[in-house]
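Taking numbering that gives the first Met the number 0, I'd label the letters of the sequence shown as residues 0 to 1190.
Idealized CB from N, CA, C, for every residue including glycine.
Quick caveat: nothing in here was measured; it's all calculated off a predicted structure.
Right, one structure below, let's go through it.
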Amino acid sequence: MDLSRLRNIISRYCAGEENWVDSRTVYIGHKEPPPGAEAYIPQRYPDNRIVSSKYTSWNFIPKNLFEQFRRIANFYFLVIFLVQLIIDTPTSPVTSGLPLFFVITVTAIKQGYEDWLRHRADCSINECPVDVVQRGKVARTQSQELRVGDIVVVRENETFPCDLILLSSSRQDGTCYVTTTSLDGESSHKTYYAIPDTMAFRTEREVDSLHATIECEQPQPDLYKFVGRMHIYKDKDEPVARTLGAENLLLRGATLKNTQHIYAVAIYTGMETKMALNYQSKSQKRSAVEKSMNAFLIVYLCILISKAVINTVLKYAWQWSPDRDEPWYNHRTENERQRHVVIRAFTDFLAFTVLFNYIIPVSMYVTVEMQKFLGSYFITWDEEMFDEELGEGAQVNTSDLNEELGQVEYVFTDKTGTLTENNMEFIECCVDGNVYIPHAICNGQILSAASSIDMIDSSPGGYRREHEDLFFRALCLCHTVQVKEEETVDGIKKGIHQGRPTSFYISSSPDEVALVEGMKRLGYTYLRLKDNYMEILNKDDEIERFELLHVLNFDSVRRRMSVIVRASSGEYLLFCKGADSAIFPLVVSGKLEQVKARVEQNAVEGLRTLCVAFKRLSEVEYREACRHLTEAKLALQDREQRLAEAYDVIERDFVLLGATAVEDRLQEKAADTIESLHKAGIKVWVLTGDKMETAAATCYASKLFRRSTQILELTKKRTEEQSLHDVLFELNRTVLRQRSISGLSVDCLDFGLIIDGATLSAVLKPKQEVAGHGNYREIFLEICRNCSAVLCCRMAPLQKAQIVKLIKASKEHPITLAVGDGANDVSMILEAHVGIGIMGKEGRQAARNSDYAIPKFKHLKKMLLVHGHYYYIRIAELVQYFFYKNVCFIFPQFLYQFFCGFSQQPLYDTAYLTLYNISFTSLPILLYSLVEQHVTVETLKREPSLYRDIAKNSLLRWPVFLYWTCLGVFDAVIFFFGAYFLFDNTTFTSNGQMFGNWTFGTLVFTVLVFTVTLKLALDTRHWTWINHFVIWGSLLFYVIFSLLWGGIIWPFLNYQRMYYVFMQMLSSGPAWLSIILLITVSLLPDVIKKVLCRVMCPTAAERAQDHDLLARDVAAAQLAPGRSYKGASTAHSSPLQFADVETLSLRRSDPLPRKLLAHLAEGGRAELRSCMLRLSGAGIAYYAPGPETSV
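As structure tokens, then:
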């Protein structure tokens, strides 16, 4: 056995890696290992191409056709078309084939165009230039040509093209700074490290001389985990093994910051990068409306088959008599006589199916596709959703889901860059209860509006001055901020003289940057860290130097960080900052109550607070602290636990100095948007990779959590204290107990849940059955259902998708929407029913992979409450109307078979059969579905609760569907039997000619076209000139077409059965009377039903319509000044009595004074303080001061 292989196996087990699964070996620079080392086994890895598109040039046609024919209607019409081609049927194959071809072609073009846009976006990424080290020189190549093992050069502000292991950087210490906003949503700078053996490489030649291999785990989606080792070969000695961890791995999509350049080796490429593995695979999203359409189609398909079966059976029952089976005028051929009866019956069944197939409206799919495609432009054209800063408006990447925007029940949103502007701002600080606000300083004087605020310039007493200086120095020293120098001077900043380089700060925590910048505005400037000395420029423009001895890093358990420094006087100081709950218990002196009161006040305002404390260390205490820290850092076992114990020993007996308040600025109107979504009945969840404290503060500021909200924590910290089982059951008991109480009391608690990624993984583990209670995920879902808001923090991208999938798969099957702005949000965007990307600062990955893209989070309000509402209302009416008009169309054909011996004789002419859905009735409903507004845009934005009325697909439920179907059957019966009984006796035209079967069918068809068109006109509330043009134009087109079709002998037709039929019908007075009478009788029941429902139980939308009508009446009214009006006034609107007040009682139809309207239009308000306008019922009372009506 090879000794090197045995050695590696032994070292692997000795290192405690018994669980090491499959691994890969990467040869840096594609160099073979030296002789005597492991055998060189070249491995094949994928290239670096990223693919987010769905089709390719060779699979587009078969794949797209397969997906389209999965639709029931498309497959059905394909079958009908084939039947028409195979057997002799009453109608031409063109009547089914042409509409089907049109639908398939339009849909394929639309989906192909959308996928072409994705291809183009992929090409822009895959073809971007990348520098690679080859033979000691830098060569330029495309990103897609990178291979595992290539040594890559990345420069400042460039994005990493694949997952890389850092070899060296331009910084002396071998570190580099990286932002991972597009991965985990954190905009802060993170530090990554090169191993000591390679960090000294400075040139391409030195890097190319490296002879090493990397052994690491196979690709996995966890962004925060990486296990590997590097074997470095030096001369003929044994290779040196260095461990590699997540701190050495640079992820694709992250950006290099504050570092001139780095050298790194490609470890995972293309679709094996962690970012790509966190992408959710693309799947065809189908809306709830489309699912309802499919269900309705199945019902109508059953009705169609039933009709065909009934007619086939009745036909053979009718033909049981020989004289009916083969009448003298219709003898069969010899082949027909010899055909088996079963075959003949089956052929007749297919013929009846083709005759009645129009009950399944293929044109509905054409109209729906056109409505979705054209309707999507209303989002693109919306000026209110245009962002001036970006210079872009909303975008529609997939128009198939427009109506789904009106059905959303859960919104899952990212935090950083989505809810917030990704920009921290220092607001104030408090020292011993005295508040300092940078903006309140004006030439060293206290502003009149801030008289209770103490300024630094106010020369406090000795004790206070000492604590003040210590506080500001603590914030300038207790951090991990780096300084980046800029030679370009934008302006003179405080403490920085003209000509001196201006600097800005970067850090792993945006809070730290905000605090250091806040101190700079208050007169204390942190300059730099050089040779382990931190330099501060104080308010007297004097530079102070402190030696940095130890940094006690922040962690989420302690929730604080500390530094130990030595002043120039030799004094040892320990400065600590952290959460109030982490600092207050350790304080032994200081003005605790005053600081605590200020912290609580800032927390109520949604600000992020930190407390600052210090203590002086003697020489003995310092050495003892050094001993504890050194022992803990050198420990090989339980290093983190021993460090935590050392920190607890050192961080105690503090003197409290004060507190700070920082605002993570929300995006404009983010809180208003979330509040509107809550009023609309939509639950909002925040899914973020950020820390719990940061995310919770944002949730309070955005009104996701209110101060009255009782927070339930399901976090790793709590599950370490209790078992997950106990915590889940305790939380479940809490919410269930409150629910039972709230059923008896009006006052009930509002719950909010906080869960972290580690706990979520434990909850979602399969096969965790709990005796008598199902599994953990069911209990977790029960808790979430009873919470008004949920915050999920420390989420990996794939976990975000798992949360969305969990809610989608719950028993209610709610419609979900995911919104985010980074690559870390792509998975949940693809998983949700509707995905919305925000064009933010974290790249365009989310916007590119989403269904819709918007510039800012605030635009989500109009997207859902206005556009979503309209789209759903319109398409629901479109679907129901199509089924209704096709029942009206084909049911008379079914009834006609009872009067023609079930001979499959069509009631309507072929031209009418073909053009009914394509021309005569298609444009009015298409236009309705594009422009109808049952209530105004302002009303929908003002009343978010209207969104609840259309929730859960309320307009496409079975009762509504049955109503429309029954209405269609009723109207069809009126059309057929009305015409039948009115012409029961032989009717003659003006020239004495009798009505024939084509005249009868034309009469029924005329009543049909007019009735269904006028039905749509009655349903229309928003009339425009184009509505009038299309509705009345369609009726006019039908009349003109019928006159031309029957008025000319067409040479290309082999029959002239419709010649002069329409003119003959119109020449009869009884025909005119019948048309008018039948149309009126058909429309009357629906009109009566609507009037009664509106009067007895109006919906919220109908009440809003009445409100809009009243508002329009009031706004349009004009009244000459000085007139006195007395009108009907209810008891509730009796005028109040004021001294020297003129009272006008107005009817709803009466106008208001012109001067009042003009004054309001000009924005005047100052003189209206003593005026009152009250609307109550139908009465209006207006009160104005003085002897005149002018205000």
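Residue i vs residue j beta-carbon contact at 8 angstroms
i, j, result
"residue 590", "residue 473", "no"
"residue 844", "residue 867", "no"
"residue 163", "residue 193", "no"
"residue 996", "residue 357", "no"
"residue 711", "residue 752", "yes"
"residue 226", "residue 132", "no"
"residue 791", "residue 802", "yes"
"residue 1107", "residue 934", "yes"
"residue 129", "residue 213", "no"
"residue 1019", "residue 927", "yes"
"residue 713", "residue 686", "no"
"residue 954", "residue 277", "no"
"residue 574", "residue 514", "no"
"residue 268", "residue 47", "yes"
Assumed close pair residue i, residue j - CB separation to whole angstroms, cut-off 8 angstroms
i, j, result
"residue 1004", "residue 907", "5 angstroms"
"residue 260", "residue 152", "6 angstroms"
"residue 404", "residue 862", "6 angstroms"
"residue 813", "residue 408", "4 angstroms"
"residue 697", "residue 418", "6 angstroms"
"residue 239", "residue 172", "Actually they do not touch by this definition, with Cβ atoms about 20 angstroms apart."
"residue 148", "residue 25", "5 angstroms"
Nearest candidate by alpha-carbon position, reference residue i, set the options
i, options, result
"residue 656", "471, 1084, 775, 563", "471"
"residue 888", "856, 923, 1058, 1007", "1007"
"residue 838", "305, 389, 479, 142", "389"
"residue 708", "700, 121, 640", "700"
"residue 956", "969, 816, 875", "875"
"residue 127", "349, 114, 161", "161"
"residue 483", "96, 1028, 256, 191", "256"
"residue 923", "1029, 909, 1000", "1029"
"residue 920", "945, 893, 933, 877", "877"
"residue 828", "566, 789, 412", "412"
"residue 512", "477, 370, 541, 545", "477"
"residue 378", "610, 864, 964", "864"
"residue 610", "584, 734, 626", "584"
"residue 371", "306, 384, 288, 341", "288"
"residue 706", "805, 795, 396, 600", "600"
"residue 1038", "1065, 1025, 1017, 1024", "1065"
"residue 871", "344, 881, 952", "952"
"residue 1062", "624, 832, 998, 423", "998"
"residue 947", "1093, 883, 581, 677", "677"
"residue 539", "519, 715, 556, 560", "519"
Range of the contiguous alpha helix (DSSP H) that encloses residue i
i, result
"residue 868", "868 to 895"
"residue 433", "First-last for residue 433: 433 to 435, but that is the beta strand (DSSP E), not the alpha helix (DSSP H)."
"residue 1074", "1068 to 1095"
"residue 923", "921 to 930"
"residue 347", "340 to 355"
"residue 796", "796 to 807"
"residue 967", "957 to 981"
"residue 1063", "1060 to 1065"
"residue 30", "Run containing residue 30: none; DSSP gives neither H nor E here."
Boundaries of the beta strand (DSSP E) in which residue i is found, first to last residue
i, result
"residue 577", "571 to 577"
"residue 165", "162 to 168"
"residue 267", "260 to 267"
"residue 549", "542 to 551"
"residue 816", "815 to 819"
"residue 754", "749 to 755"
"residue 230", "227 to 231"
request  = Would you mind listing the alpha helix (DSSP H) stretches within the region 668 to 741 that are 4+ residues and don't spill past its ends, in chain order?
outcome  = 669 to 678, 691 to 700, 715 to 720, 723 to 741
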